[in-house]
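Q: Got a structure here, written out as structure tokens. Questions coming.
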Amino acid sequence: MNDLTRNPSRSRLRELFQGNTRQYGMAIALVAVIILFQVLTGGLLLTPLNITNLIMQNSYILILAIGMMLVIITGHIDLSVGSVVAFTGAVSAIMLTSWGLPTMVVVPLALMLGGLIGAWQGFWIAYVGVPAFIVTLAGMLIFRGATLAVLGGESIAPLPQSLRVIASGFLPGQSDGLHLPTLALGLAGAAVIVWIQWRSRARSLARDLPVPPAAVTAAGSALVVAVIVAFTYTVASHNGLPLVGVLLVVLIAGYAFVMRSTTMGRRVYAVGGSERAAALSGIRTKRTTFWVFVNMGVLSALAGLVFTARLNAATPGAGTMFELDAIAAAFIGGASAAGGVGSVIGAVIGALFMGVLNNGMSLIGLGVDWQQLIKGLVLLLAVAFDIYNKRRVGGSAPILPGLRSRLRRGGPGQGGEPDRVSGGT
Numbered sequence: 016m017n018d019l020t021r022n023p024s025r026s027r028l029r030e031l032f033q034g035n036t037r038q039y040g041m042a043i044a045l046v047a048v049i050i051l052f053q054v055l056t057g058g059l060l061l062t063p064l065n066i067t068n069l070i071m072q073n074s075y076i077l078i079l080a081i082g083m084m085l086v087i088i089t090g091h092i093d094l095s096v097g098s099v100v101a102f103t104g105a106v107s108a109i110m111l112t113s114w115g116l117p118t119m120v121v122v123p124l125a126l127m128l129g130g131l132i133g134a135w136q137g138f139w140i141a142y143v144g145v146p147a148f149i150v151t152l153a154g155m156l157i158f159r160g161a162t163l164a165v166l167g168g169e170s171i172a173p174l175p176q177s178l179r180v181i182a183s184g185f186l187p188g189q190s191d192g193l194h195l196p197t198l199a200l201g202l203a204g205a206a207v208i209v210w211i212q213w214r215s216r217a218r219s220l221a222r223d224l225p226v227p228p229a230a231v232t233a234a235g236s237a238l239v240v241a242v243i244v245a246f247t248y249t250v251a252s253h254n255g256l257p258l259v260g261v262l263l264v265v266l267i268a269g270y271a272f273v274m275r276s277t278t279m280g281r282r283v284y285a286v287g288g289s290e291r292a293a294a295l296s297g298i299r300t301k302r303t304t305f306w307v308f309v310n311m312g313v314l315s316a317l318a319g320l321v322f323t324a325r326l327n328a329a330t331p332g333a334g335t336m337f338e339l340d341a342i343a344a345a346f347i348g349g350a351s352a353a354g355g356v357g358s359v360i361g362a363v364i365g366a367l368f369m370g371v372l373n374n375g376m377s378l379i380g381l382g383v384d385w386q387q388l389i390k391g392l393v394l395l396l397a398v399a400f401d402i403y404n405k406r407r408v409g410g411s412a413p414i415l416p417g418l419r420s421r422l423r424r425g426g427p428g429q430g431g432e433p434d435r436v437s438g439g440t
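As structure tokens, this is what we get:
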């Protein structure tokens, strides 16, 4: 009797972590980078003011990273998001200043414009069959040119306070002492996350899927509560949680739920894993791809609104290099270039990693040249680690949860390696 047979908990832990090596590794790397820059900056990194600035400065990249993760999971790429950010921001500024429309009207119109742009690109990719790289490269040029055209090469500023509050406002509440609404929101969020963790564990046990021991889950829940409480306490000591932070919490929670617990999320993973297999199983792969790009367009427009509001101006150069930041965040957060692999939480971790890296290097006075060099090396190492991990496990995607244990028990397919799917377009 081998050690795994004697210790089933160790076997379950190994199965659980094998398919998530990249994401757990990046979470550890994020903590390590935070500790490193906290030491190098003499404690400036984790001050309440700097944490608030981190949220505001990286909000639009986090928004784009969520959408980009879905695009990459389907096996595609979107190079146009930076130009779409600039174009939707420019059109929004014109509607606010020249047309005199109220912000409550401009915001949904801007999101609709982003959705139409995503539908335009999704049509060429999904139904005509033009590679996403070519379509979105053309989109990058088209919408950058359109931005220059609508702005006439000039910036539009200032913008109404009703728009600026999206990026610079804070959760309402008392102004003296700790911001109690922020603390209450943090505690409620921690309670919900812990409930989801234990509910997910109970459902996995009911379906005979591998789960960590109860002690490990309890330790994870305690860690989550500690991190959230520490974060909200720090933010509450400086004006409270920014409104854009509330928006990010809603987006992250919503998209994480969709990708983990809904049919739509499973379809996105299936299309990225193998488009042909997904089509044979009855999934409308073209429609799924189309809506992923519509979603990317809407999130690009939302990022455009947030960035324009924070800048208090619409400029021809807005959104430059945003697509590369979003792509880097997705890959660093665990996405696979082959498709079919990735998570919303991973995209958030990747975006936060890049944000902390940028902020920390700026605080210690590192030049832009070295910052670009280091970010490029980090991206290269992240993708190299992904390739290494695939070769180590012997496939391009992890086996579905529970399948390995069923095979070991002598279930269907015993004696043969299950097919592993790779992303493709």
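FYI, the numbering for the sequence shown is 16 to 440, going by the working numbering. Using N, Cα and C, we set each Cβ at its ideal position, and we do this for glycine too. On a predicted model such as this, the values are computed, not experimentally measured, just so you know.
Spell out a yes or no on whether the region 322 to 329 and the region 139 to 150 are touching, meaning 3 or more CB-CB pairs, one atom from each, closer than 8 angstroms.
A: no
Q: Look at the alpha carbon of A268 and the alpha carbon of S358, and state the distance between them as a whole number of angstroms.
A: 12 angstroms
Q: Pick helix, strand or coil for I171, following the three-state DSSP scheme.
A: strand
Q: Return helix, strand or coil for A271, following the three-state DSSP convention.
A: It is helical.
Q: Let me make sure I understand the geometry here. Which of I208, W213 and V122 has the alpha-carbon closest to that of A230?
A: W213
Q: P63 by DSSP, collapsed to three states: which one?
A: Helix at P63.
Q: Of all the alpha helix (DSSP H) runs that stay within the bounds of the region 107 to 181, which reach a length of 4 or more residues?
A: 118 to 137 and 147 to 166
Q: Please work out which residues of its chain come closer than 8 angstroms, Cβ to Cβ, to G255, disregarding the five sequence neighbours upstream and downstream, and give them in chain order.
A: F185, L186, G188, H194, P196 and T197
Q: Mind checking L94: buried by the 16 CB within 10 Å criterion, or exposed?
A: buried
Q: Just how far apart, CA to CA, sit S296 and L381?
A: Whole-angstrom Cα-Cα distance: 52 angstroms.
Q: In angstroms, rounded to a whole number, what distance separates the CA positions of A47 and Q72?
A: About 21 angstroms.
Q: Assuming G154 and S98 make a contact with CB atoms under 8 angstroms, what is their CB distance in whole Å?
A: Confirmed, about 7 angstroms.
Q: In three-state DSSP terms, what is A329?
A: strand
Q: By DSSP, does P257 sit in helix, in strand, or in coil?
A: strand
Q: Should the region 158 to 166 be called in touch with the region 339 to 346, which here means at least 3 C-beta pairs below 8 angstroms?
A: no
Q: In whole angstroms, what is the alpha-carbon distance linking Q387 and P228?
A: 42 angstroms
Q: What's the gap between the Cα of H91 and the Cα of G192?
A: 48 angstroms
Q: Report the residue ranges of all alpha helix (DSSP H) runs contained in full by the region 295 to 329; include only those spanning at least 4 residues, in chain order.
A: 300 to 326
Q: Rounded to whole angstroms, what is the Cα-Cα separation between R406 and S219?
A: 28 angstroms
Q: Between which two residues does the alpha helix (DSSP H) containing S377 stretch?
A: V359 to L378
Q: I'd like the span of the alpha helix (DSSP H) that includes D340, first residue to last.
A: Per DSSP, D340 belongs to the alpha helix (DSSP H) from F337 to I347.
Q: May I have the straight-line CA-CA distance separating V261 from L166, to the nearest angstrom?
A: Roughly 31 angstroms separates the two Cα atoms.
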